[in-house]
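Protein sequence lines, in the order shown, are assigned to chains D and R. Position 277 of the first sequence, counted from 1, bears residue number 277 in the numbering used here, the numbering being contiguous throughout. Position 68 of the second sequence, counted from 1, bears residue number 1068 in the numbering used here, the numbering being contiguous throughout. We put the CB at the ideal spot given by N, CA and C, even for glycine.
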Amino acid sequence: MLPELSHEEILRYSRHLLIPEVGLEGQRKLKASSILVIGTGGLGSPVSLYLAAAGVGRIGLVDFDVVDTSNLQRQVIHGRSTVGKLKVESARARMLDLNPSIQIDIYNEPFTSANAMQIAKDYDVVVDGTDNFPTRYLSNDVCVLLGKPNVYGSIFRFDGQLSVFDARQGPCYRCLFPEPPPAGLVPSCAEGGVLGVLPGTIGTLQATEALKVLLGVGEPMIGKLLLYNALDMSFDFVKLKKNPKCRICGPNADIKELIDYEEFCGVPGHDHGDEGSAGAGWDISATELAELLRASFVLSEVEGQRTSSALSAKLILLDVREPHELEISALPNAVNIPLGQLAGRLSELDSAEEMVVLCKGGTRSARALELLVSAGFKKVKNLKGGINAWAREVDKSLPIY
Amino acid sequence: MPIVRFPALMKFYVDNQSEFPVEAATVAELLDALIERYPALKPHLFEPTGKLRRHFNIFVNGEHVRELNGLDTPLEADDKVILMVSAAGG
């Protein structure tokens, strides 16, 4: 039995009730439905707002992050007044302001193999709005094992992807991507950036697909993938079929329960992008680097060497960010070789010199360090936390981005 | 000539182009031609063993090459080849 709508709800949803594909019965279906939104960031913001406005009866939100000023360029469910607060609480307050007649369950915890099945089992549909590979594989596997549709969206710079993975009727995420990219090969939004409107475009499409699935109308994007490019405003649709070798939904599937996704992907299950570390013994903190630079500068003065190039004579600073990022903040005398070009430009560097590698948050530089070490460089360190850490701890005149 | 489309994640390696024509009679030839023109692409497309990386998908006119003839899928003039890579951003 579907729940009845109150007079107030009938007024609120009147534009839905006018559409034959929704109507009173459809709106009651939505009221009886539940959706789990994983991540309340760029994609999760429009998804949650529109699902709340549409009257989906119960919406679950999973996130363990707090709202940061750098989120507000795209995460429109949050606001200046909730910076520093838990994202799930910030989102719930905004959604209930939009529609107090729905139920919002919040899970202020990372979505992991330990809790994912328990959290997801009582929802009709899962919307994947996460920002990292481990959680994407986890969301997929949970949906395949529980037999639920997974409304997938992902974004990078000007590019978006959208599909509905439902292994009961079509391919799953693993059919398309049997393995994640090697750690570090594909940059995240925290490293590479994203146009603020892009998650709005893809997130509203995800919300649309989720509503279509719940209502049972139209043709959901099962077995189809949208590749959207905002720069040339192109929408390419490609067909997807089940992969007969799929490890979780194929005929010879060997994954029968959740696995360790961070291990599978070789990266952590979050994308903060500002705590990059190269591991024990390879990191140098911003304050340690400041000490080192002071020492090498003084030493050069004593030796009467060229002070202007003193730093480069004693210690090479290698900045592996893109050139346009150096316009935001930079360290004097740093050599700039973007990470993508480093492998081809190693001959420009002297492995005998001491070197500190840096980027925005320490993630790309940690990768650069791996590359340098594998090429025989030994006296290399990674600036932990990147130039943002330097701006926080040493030179407060520099902006943090 | 077939047209190849690149995702934003990889444009960096092909002079920031989203799409351009490549002279090739098969998908394999197209990949070879790309790598010859842009050698930095190679480690991104292929594992050290020479196998195509598994977070990559190639579509010809909207069909996955797995459903066609794999890397031997023939290409004709005006065919649209989409290189697609997984992105985690959200």
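Best match in the options for proximity to residue i [C-alpha to C-alpha]
i: residue 256 of chain D; options: D:55, D:138 and D:9; result: D:138
i: residue 289 of chain D; options: D:250, D:334, D:327 and D:269; result: D:334
i: residue 4 of chain D; options: D:93, D:101 and D:46; result: D:101
i: residue 249 of chain D; options: D:182, D:225, D:278 and D:169; result: D:169
i: residue 1015 of chain R; options: R:1041, R:1078, R:1079 and R:1074; result: R:1041
i: residue 243 of chain D; options: D:217, D:167 and D:294; result: D:167
i: residue 392 of chain D; options: D:379, D:329, D:372 and D:352; result: D:329
i: residue 2 of chain D; options: D:29, D:385, D:20 and D:184; result: D:29
i: residue 118 of chain D; options: D:36, D:295 and D:74; result: D:36
i: residue 456 of chain D; options: D:401, D:142, D:135 and D:99; result: The structure shown does not extend to residue 456 of chain D, since chain D is modelled only from 1 through 401, so no value can be given for it.
i: residue 293 of chain D; options: D:322, D:279, D:143 and D:332; result: D:332
i: residue 43 of chain D; options: D:227, D:262 and D:207; result: D:207
i: residue 261 of chain D; options: D:174, D:81 and D:341; result: D:174
Contact check, residue i vs residue j, beta carbons under 8 Å
i: residue 156 of chain D; j: residue 1083 of chain R; result: no
i: residue 180 of chain D; j: residue 1086 of chain R; result: yes
i: residue 1006 of chain R; j: residue 1023 of chain R; result: no
i: residue 199 of chain D; j: residue 164 of chain D; result: no
i: residue 83 of chain D; j: residue 97 of chain D; result: no
i: residue 382 of chain D; j: residue 316 of chain D; result: no
i: residue 125 of chain D; j: residue 213 of chain D; result: yes
i: residue 266 of chain D; j: residue 131 of chain D; result: no
i: residue 127 of chain D; j: residue 53 of chain D; result: no
i: residue 59 of chain D; j: residue 49 of chain D; result: no
i: residue 129 of chain D; j: residue 147 of chain D; result: no
i: residue 159 of chain D; j: residue 229 of chain D; result: yes
i: residue 57 of chain D; j: residue 27 of chain D; result: no
i: residue 364 of chain D; j: residue 89 of chain D; result: no
i: residue 278 of chain D; j: residue 394 of chain D; result: no
i: residue 1033 of chain R; j: residue 1075 of chain R; result: no
i: residue 1081 of chain R; j: residue 1030 of chain R; result: yes
i: residue 161 of chain D; j: residue 227 of chain D; result: yes
i: residue 246 of chain D; j: residue 172 of chain D; result: yes
i: residue 379 of chain D; j: residue 354 of chain D; result: yes
i: residue 1062 of chain R; j: residue 241 of chain D; result: no
Identified DSSP bridge partners for residue i
i: residue 1080 of chain R; result: R:1003
i: residue 341 of chain D; result: Bridge partners of residue 341 of chain D: none, in fact.
i: residue 1064 of chain R; result: R:1059
i: residue 336 of chain D; result: D:319
i: residue 154 of chain D; result: D:161
i: residue 234 of chain D; result: D:229
i: residue 382 of chain D; result: D:283 and D:357
i: residue 1046 of chain R; result: R:1052
i: residue 103 of chain D; result: D:58
i: residue 86 of chain D; result: D:66
i: residue 37 of chain D; result: D:61 and D:127
i: residue 222 of chain D; result: D:164
i: residue 419 of chain D; result: In the structure as shown, chain D starts at 1 and stops at 401, and residue 419 of chain D therefore has no counterpart that could be examined.
i: residue 1085 of chain R; result: R:1056
i: residue 1074 of chain R; result: R:1026
Residue range of the unbroken beta strand (DSSP E) whose run includes residue i
i: residue 355 of chain D; result: 355 to 358
i: residue 163 of chain D; result: 159 to 165
i: residue 1019 of chain R; result: 1019 to 1021
i: residue 29 of chain D; result: Note, residue 29 of chain D: premise wrong, no beta strand (DSSP E); alpha helix (DSSP H) at 23 to 32.
i: residue 206 of chain D; result: Here residue 206 of chain D belongs to no beta strand (DSSP E); instead the alpha helix (DSSP H) covers 198 to 215.
i: residue 404 of chain D; result: Limits of chain D in this structure are 1 at one end and 401 at the other, which puts residue 404 of chain D out of reach.
i: residue 128 of chain D; result: 125 to 128
Where the alpha helix (DSSP H) containing residue i begins and where it ends
i: residue 261 of chain D; result: 261 to 265
i: residue 364 of chain D; result: 363 to 374
i: residue 395 of chain D; result: That residue, residue 395 of chain D, is in no alpha helix (DSSP H); it is neither H nor E in DSSP.
i: residue 141 of chain D; result: 133 to 146
i: residue 192 of chain D; result: 189 to 192
i: residue 1011 of chain R; result: 1008 to 1011
i: residue 1032 of chain R; result: 1027 to 1037
i: residue 9 of chain D; result: 7 to 12
i: residue 117 of chain D; result: 116 to 120
i: residue 173 of chain D; result: 173 to 176
Next on the checklist: Tell me which residues of the stretch 370 to 394 of chain D have at least one Cβ-Cβ distance to chain R shorter than 8 Å, keeping chain order.
Outcome noted: none
Next on the checklist: So if I threshold CB-CB distances at 8 Å, which residues from the stretch 36 to 58 of chain D count as touching chain R?
Outcome noted: 39, 41, 42, 43 and 44
Checklist entry - When you check each C-beta in the stretch 153 to 165 of chain D against every C-beta of chain R, which residues fall closer than 8 Å? => result 153, 154, 155, 156, 157, 158, 159 and 161
Item to check | Proximal residues, the stretch 165 to 197 of chain D versus chain R, C-beta separation under 8 Å | outcome: 176, 177, 178, 179, 180, 181, 182, 185, 186, 187, 188, 189, 192 and 194
Item to check | Residues, ordered as in the chain, of the stretch 325 to 355 of chain D that lie near chain R by beta-carbon distance below 7 Å | outcome: 340 and 344
Checklist entry - Taking any Cβ of chain D, which residues in the stretch 1052 to 1071 of chain R have a Cβ under 8 Å from it, in chain order? => result 1053, 1054, 1055, 1057, 1059, 1062, 1063, 1064, 1066 and 1067
Checklist entry - Taking Cβ-Cβ distances below 8 Å as the criterion, which residues of the stretch 1005 to 1016 of chain R are in contact with chain D? => result 1005, 1007, 1008, 1009, 1012 and 1013
Next on the checklist: Which residues of the stretch 71 to 93 of chain D have a Cβ closer than 7 Å to any Cβ of chain R? Give them in chain order.
Outcome noted: none
Next on the checklist: Please list, in chain order, the residues of the stretch 120 to 145 of chain D that have any C-beta partner in chain R closer than 7 Å.
Outcome noted: 129, 130, 131, 132, 133 and 136
Item to check | Contacting positions in the stretch 237 to 263 of chain D - beta carbon closer than 8 Å to chain R | outcome: 237, 238, 239, 240, 241 and 243
Item to check | Contact residues within the stretch 213 to 230 of chain D, judged by C-beta distance below 7 Å to chain R | outcome: 227 and 229
Checklist entry - Which residues, in order along the stretch 1019 to 1034 of chain R, keep a beta-carbon less than 9 Å from a beta-carbon of chain D? => result 1019
Item to check | chain D contacts made by the stretch 1038 to 1051 of chain R, where a contact means CB separation under 9 Å | outcome: 1039, 1040, 1043, 1044 and 1047
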